[in-house]
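Here is the structure we will look at, set down as structure tokens.
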Amino acid sequence: MSVVIIRQDGKIDEWKFALASAAPQITFYSYLEDHPKDDIEIAMVWKHPTGIFKEYPSLKYVASFGAGVDFLLDDPEIPSHVKITRVVDPVLASDMSEFVIAALFSFMKNLTRYRTDQISKVWDPLPYKRIGDLTVGIMGMGALGSRLAADLCQIGFKVVGWSRSRKKLDAVECYTGEKQKSDFLSRSNVLVCLLPLTRETSGIIKTKLFKQLPQGAYVINVARGGHLVDQDLIDMIDHGHISGACLDVYHQEPLPEGHPFWNHPKVFMTPHVASVSDVRAVVPQLLDNYYRFKKGEPLLNEVSTLRGY
Ligand code: NDP
Ligand code: OXD
Numbered sequence: 024m025s026v027v028i029i030r031q032d033g034k035i036d037e038w039k040f041a042l043a044s045a046a047p048q049i050t051f052y053s054y055l056e057d058h059p060k061d062d063i064e065i066a067m068v069w070k071h072p073t074g075i076f077k078e079y080p081s082l083k084y085v086a087s088f089g090a091g092v093d094f095l096l097d098d099p100e101i102p103s104h105v106k107i108t109r110v111v112d113p114v115l116a117s118d119m120s121e122f123v124i125a126a127l128f129s130f131m132k133n134l135t136r137y138r139t140d141q142i143s144k145v146w147d148p149l150p151y152k153r154i155g156d157l158t159v160g161i162m163g164m165g166a167l168g169s170r171l172a173a174d175l176c177q178i179g180f181k182v183v184g185w186s187r188s189r190k191k192l193d194a195v196e197c198y199t200g201e202k203q204k205s206d207f208l209s210r211s212n213v214l215v216c217l218l219p220l221t222r223e224t225s226g227i228i229k230t231k232l233f234k235q236l237p238q239g240a241y242v243i244n245v246a247r248g249g250h251l252v253d254q255d256l257i258d259m260i261d262h263g264h265i266s267g268a269c270l271d272v273y274h275q276e277p278l279p280e281g282h283p284f285w286n287h288p289k290v291f292m293t294p295h296v297a298s299v300s301d302v303r304a305v306v307p308q309l310l311d312n313y314y315r316f317k318k319g320e321p322l323l324n325e326v327s328t329l330r331g332y
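Residue numbers (this note's numbering): 24 to 332.
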């Protein structure tokens, strides 16, 4: 049973080499080379070209190379019987946690502002925030959000979390569902989005939500661009209710040249790098699922197409 690897970010050879080295008995094809498309049952995919799944009539299982699967669930050409799995990995979780903590301290200590000042040769000391001044609110207390919560608590931050189902985590006050959302938001001086992008969460970070955050709140979106209504963020920053944002993800990536985020002094942008699947860490679980699929056993980290994550 051979596997096709589909990704458009120039990393196919790296993944193919790592997979083939770990499992030389399996044939891995790049989607760019000649391969028997009619026979392919398994695809390993990250951000595929539109329409490509039409070419694989025998497809039965698609493994996402990342934690998110919105790009797969949004594709009407993947038949409903096709199983979809995602990456759940401690390295991915610790990388995400480190990134968010870096963004958080950068906000607290005005670091991005000083970088801009340096370029313009401006000397302008500002008041800064301390760990004890802030409560960090995490939307999405799954694999990534719960690891971040634990790390923040260890550093000494007050942490509140919000998810669909009830959670019990040491030292984290957990809120659940629509009913408790506004209580959660009213506590969050810094709001971190780590939700999956689904029908329910699309466009969730909008004016109504911003207004429920405390005055001067800071927003860190490391989940998906589709969670955020871009113009609402700009308006709330420009009106002074939100003090700024760190964004790693966008509606369109790369962000189009004319987008107002590029030049906004209070929007700190990174190019979807908060946490990137590590080849060595992730190859074993991709192979584990390959063997499970072959034996007809339940797959690890299978996504619920009904829930959307
Ligand atoms: P999980 O599926 O493990 O966690 C998702 C969390 O969101 C769960 O706690 C879930 O609640 C909660 N949730 C889902 N829908 C709702 C809702 N409608 N209302 C309230 N809570 C909801 O995902 P991960 O933690 O692994 O990843 C989260 C996202 O991070 C990914 O989907 C991806 O988009 C993004 N990501 C971004 C990266 C980057 O580099 N920028 C890297 C990796 C991931 P419950 O626990 O009750 O199910
Ligand atoms: C992911 C991502 O979902 O990198 O893994 O965004």
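C-beta atoms are modelled at their ideal positions from N, C-alpha and C, and glycine is treated no differently.
So, for residue i: in the same chain, excluding its five sequence neighbours on each side, which residues have a beta-carbon less than 6 Å away from its beta-carbon?
i    : result
G239 : S266
L149 : N133
C176 : V182, A194
M119 : L167, A297, S298
M162 : W185, C216, L218
Might you give, ordered along the chain, the residues of its own chain that have their beta carbon closer than 7 Å to the beta carbon of residue i, omitting 5 neighbours on each side?
i    : result
R210 : T158, G160, V183
T224 : L218, H250
I63  : S25, V27, Y79, S81, L82
R222 : G331
D147 : D140
V302 : E37, W38, A41
T135 : S129, F291
V145 : none
Please name the residue in the options whose C-alpha comes closest to that of residue i.
i    : options                : result
A45  : G319, D311, N324, L323 : D311
K21  : V195, Q48, K204, H71   : A question about residue 21 goes unanswered here, because the residues of the chain that appear run from 24 up to 332.
V105 : R30, G89, S188, V85    : V85
D98  : T293, H295, F76        : F76
K152 : R136, K229, F130       : F130
K39  : S53, R315, I228, T293  : S53
V92  : A43, L220, A173        : L220
S188 : F180, G179, E196, G200 : G200
L256 : Q275, V326, V290       : V290
I154 : L278, V305, I227, G179 : G179
N212 : T230, M164, Q235       : Q235
L329 : S103, N286, M164, Y241 : S103
Can residue i and residue j be called in contact, C-beta distance under 8 Å?
i    : j    : result
V110 : S300 : yes
A166 : A246 : no
A90  : I29  : no
P307 : R315 : no
F51  : W69  : no
I101 : Y313 : no
V123 : I228 : no
T293 : D271 : yes
E276 : I107 : no
F233 : H282 : no
D112 : V305 : yes
Is any non-hydrogen atom of ligand 1 found closer than 7 Å to the C-beta of residue i, if you look at the structure I gave you?
i    : result
Y314 : no
M164 : yes
T328 : no
T5   : Examination of residue 5 is not possible in this model, given that the chain is present from 24 through 332 alone.
T139 : no
A173 : no
D271 : yes
M67  : no
S205 : no
V299 : yes
M119 : yes
P188 : Just to set this straight, residue 188 is Ser in the shown sequence, not Pro. Yes.
L208 : no
L217 : yes
T224 : yes
Report yes if the C-beta of residue i is less than 7 Å from at least one heavy atom of ligand 4; otherwise report no.
i    : result
L171 : Looking for ligand 4 in the displayed structure turns up nothing; the ligands present are ligand 1 and ligand 2.
Which residues in the same chain as residue i place their Cβ atom closer than 8 Å to its Cβ, once the five residues preceding and following it in sequence are excluded?
i    : result
K191 : C197
**OP:** Anything with a beta carbon under 5 Å from a heavy atom of ligand 2 counts; list them all in chain order.
**Re:** In chain order, the qualifying residues are G89, A90, G91.
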